[in-house]
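**Student:** Structure below; questions to follow.
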Amino acid sequence: MENKQRYTLGKTERLKSRKTIDGLFKNGKSFSLFPFRVVYRYPEASASGPLQTENTGSRSFRIQAGFNVSKRYFKKAVDRNRIKRLMKESYRLQKQPLNDILEATEKKIVVFFIFTGNEIPDYKQVFEKMTDVIKRLQKIVNAKEA
RNA sequence: GCUAUCAGCCGGGUUAUCGUUCCAGUUUUUAACUGGAGAGGAAAGUCCGGACAGUGCAGGGCAACACACCGGGUAAUAACCGGUUAUUUGUCGCCUUCGACUUGCUUCCCGAUUAAAAUCGGGACAAGCACGGUGACAAAUAGAGAAAGUGCCACAGAAAAUUACCACCGCCGCAUUGUUAUACUUCGACAAGCUCAGUAUGACAAUGCGGCGGCCAGGGUGAAAACGUGAGGUAAGAGCUCACGGGUUUUUGCAGCAAUGCAUAAAUUGGGUAAACCUUGUGUACUGAAAUGCCACGUAUAUCAGCGCUUGAGGGCGGCCCGCCCAAUGCUGAAGGGUAGGCAGAUAGAUUUUGCCAGUAAUGGCAAAGCCAGAUAAAUGAUAACCGAACCCGCCUUCGCCAAGGCUACGGUGGGUGAACAGAAUCCGGCUUACAGGCUGAUAGCUUUU
RNA sequence: UGACUUAUAGUUCAAUGGACAAGAAUGCUUCACUACGGAUGAAGUGAUGAGGGUUCGAAUCCUUCUAAGUCAA
């Protein structure tokens with residue numbers, strides 16, 4: 005199975021709990037990399053305890069990710085859905101390296117991607133920017149480790 | 001065939017790889033695999049109406065809100081369907097005069113003004129154009145009451161609603177002037193008088209001023225001026241009367257279920273505004289799925305302030321009053337503390353598709369077949385290739401036109417662009433708004449052929 | 001998702017229950033004053049958010065959109 009290298013993005017890998025999201029925005033750290041703003045946080049074992057372990061039963065994924073687009077810049081629901089789908093697609097195909105690092109260090113991370121641009125992007129743009137973001141997240145995780 | 005308007009309908013497809021939600025099945029049941037299903041005509045706006053849920057459900061009055069031609073239809077609706085009336089717009093036809101409507105140039109007449117002309121207002125006439133009128137058709141919008149009452153109608157104008165002003169006319173009074181009759185002679189003229197002149201009184205006429213009355217006909221304005229035009233009539237005028245017309249209300253007859261239309265007769269001549277207040281009639285409990293019920297987890301039955309405990313705080317009671325009922329470890333507020341997970345609601349229903357029948361239609365009835373999204377930081381996607389409706393450009397062919405230079409329908413071929421508006425969130429019905437392109441139908445116009 | 005509110009000069013506000021010239025402050029531009037600057041004085045600067053309707057006449061009344069904002073278990 006691990007040799008097969010699937011690129012999935014199931015329910016368990018998405019950020020769904022209102023409580024963890026509130027905690028993330030309250031206590032998490034963030035950086036901006038146009039056109040994204042990324043908020044991340046290492047969940048405390050005690051605080052996020054029982055629910056978290058129940059949901060991530062497989063233990064093969066150590067990231068929970070959320071995606072959002074502001075209603076202020078994109079009035080139409082069609083445009084917001086389009087951008088969120090592009091972000092999800094590019095994240096899905098590139099998240100594996102970050103997961104490997106977290107696997108090695110036995111850590112979990114909660115990440116939230118917010119799109120801050122003004123125009124509807126191409127898939128290529130989103131994909132390239134997402135690679136940059138993933139690289140930076142890897143650096144951050146390594147630095148924290150060190 | 002083309003154009004315009006209106007109405008209805010459709011609104012990309014295939015393959016590959018990777019992924020997502022739900023359901024069913026299988027297995028080695030912390031998971032994976034297989035199969036199936038997975039946005040719209042507007043899912044949008046939330047402008048109306050319901051279903052459903054919770055609270056409430058002695059009663060009366062006031063207030064508030066909504067609606068208002070007629071008929072039909074519906075679970076329900078002012079927002080549907082059909083008809084009707086009015087207004088506006090568009091297309092086409094007719095007319096330009098006998099007329100209530102409309103308009104400028106040229107000619108004539110009348111009136112106002114003026115020293116005169118010019119100018120302004122009204123009327124007549126003839127011709128052309130614009131404008132306008134009228135009829136048919138289509139579309140859009142609107143629909144109780146202005147004759148119950150109140151308010152408002154800037155500027156301009158005499159006046160903005162039943163009334164005043166100017167002007168006009170009648171009567172009375174006063175003043176002045178003129179004519180005439182009678183009487184008189186203080187002062188005068190002279191031809192010495194029954195003359196002229198002067199004074200007084202009376203009559204008539206004109207002018208001016210004042211009063212009383214007639215009066216809505218004239219008064220350049222204005223969006224709108226007290227029915228229009230003509231004639232009679234009058235002191236002057238006036239629907240005061242008459243003729244021809246316009247409007248309103250009512251009677252009768254015919255058509256229609258009705259609104260209403262046509263004809264007839266009588267009365268009447270009234271400004272507009274109710275998307276100003278209002279009057280009349282009809283209707284309306286309030287709150288909305290973050291409703292609501294259940295399960296799990298957790299906290300503070302603590303603190304402070306106010307009121308009240310049968311002499312009644314408060315609540316039912318929603319905006320108010322009367323009235324009735326309930327009411328004590330209570331009610332209200334402040335600052336804080338906790339939770340923010342799951343299930344139901346929630347997808348089998350005013351249901352979908354097809355066919356037939358009734359109806360102009362909205363809609364209704366019957367039969368058969370079917371189950372057709374159900375997410376919750378929120379699925380239905382990404383990438384690539386091909387096909388593609390439609391559009392643009394080039395070339396070829398030739399029907400047709402032709403001034404022989406060319407233009408060009410249809411067809412063929414090559415290249416390019418490559419689907420618009422837009423994403424369910426409890427569910428339905430209607431409306432509104434957005435929408436590339438295409439199809440169908442109706443109406444109107446133009447053109448061609450028969 | 002549901003229930004609501006508001007849109008007037010660059011900015012903050014008037015006008016309002018219908019009609020006058022759509023105004024005030026401030027800002028900006030120009031000129032004057034000053035050796036220069038400030039202060040002061042003068043002048044200039046508007047699609048009443050958009051479309052349609054009612055009316056003789058809409059910033060105002062009715063209606064449909066657009067934008068911004070508020071509330072909630």
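With the numbering used here as the guide, the letters of the first sequence map in order to residues 5 to 150.
We treat Cβ as the ideally placed atom computed from N, Cα and C, and that holds for glycine.
Could you spell out where the beta strand (DSSP E) holding Lys-33 opens and where it closes?
**Tutor:** 33-37 is the span of the beta strand (DSSP E), which, as asked, contains Lys-33.
**Student:** Could you pull the start and end residues of the alpha helix (DSSP H) that Tyr-95 belongs to?
**Tutor:** Counting along the chain, the alpha helix (DSSP H) containing Tyr-95 begins and ends at 81-98.
**Student:** Considering only the beta carbon of each residue, do Tyr-95 and Met-134 sit closer than 8 Å?
**Tutor:** Against a cut-off of 8 Å, the Cβ pair of Met-134 and Tyr-95 comes out as a contact.
**Student:** Per DSSP, Ala-69 is paired with what?
**Tutor:** Paired residue(s): Arg-18 and Val-115.
**Student:** Cutting at 7 Å between CB atoms, please list the residues of its own chain near Ala-147, excluding the five before and the five after it.
**Tutor:** No residues qualify anywhere along the chain.
**Student:** Buried or exposed: which applies to Tyr-11, given that a residue is buried once 16 or more other Cβ atoms fall within 10 Å of its Cβ?
**Tutor:** Label assigned to Tyr-11: exposed.
**Student:** Could you have a look at Lys-140 and say whether DSSP puts it in helix, strand or coil?
**Tutor:** One point to set straight first is that residue 140 is Arg, not Lys, in the sequence displayed. Correct three-state label for Arg-140: helix.
**Student:** Compare the Cα-Cα distances from Lys-20 to each of Lys-80, Phe-71, Arg-66 and Asp-136 and report the closest residue.
**Tutor:** The shortest C-alpha separation from Lys-20 is found at Phe-71.
**Student:** Between the alpha carbons of Leu-37 and Val-137, how many angstroms are there, rounded?
**Tutor:** Roughly 7 Å separates the two Cα atoms.
**Student:** Determine the extent of the beta strand (DSSP E) in which Arg-41 is found, giving its start and end residues.
**Tutor:** It spans 40-45 - the beta strand (DSSP E) in which Arg-41 sits, taken as one unbroken run.
**Student:** Identify whether Glu-123 lies in helix, strand or coil by the three-state DSSP scheme.
**Tutor:** Coil.
**Student:** How about the region 109-119 and the region 29-43: do they share at least three Cβ pairs that are nearer than 8 Å?
**Tutor:** Taking 8 Å as the limit for Cβ pairs, the verdict is that the region 29-43 does touch the region 109-119.
**Student:** Under a Cβ-count criterion, where at least 16 other Cβ atoms within 10 Å of its own Cβ denotes burial, should Leu-141 be classed as buried or exposed?
**Tutor:** Classification of Leu-141: buried, given that the 10 Å Cβ count is 16 or more.
**Student:** Which one of Phe-35, Gly-32 and Val-145 has the shortest CA to CA distance from Glu-107?
**Tutor:** For Glu-107, the nearest C-alpha among the options comes from Val-145.
**Student:** I'd like to know whether the C-beta atoms of Arg-45 and Lys-33 end up nearer to each other than 8 Å.
**Tutor:** A contact, by the Cβ cut-off of 8 Å.
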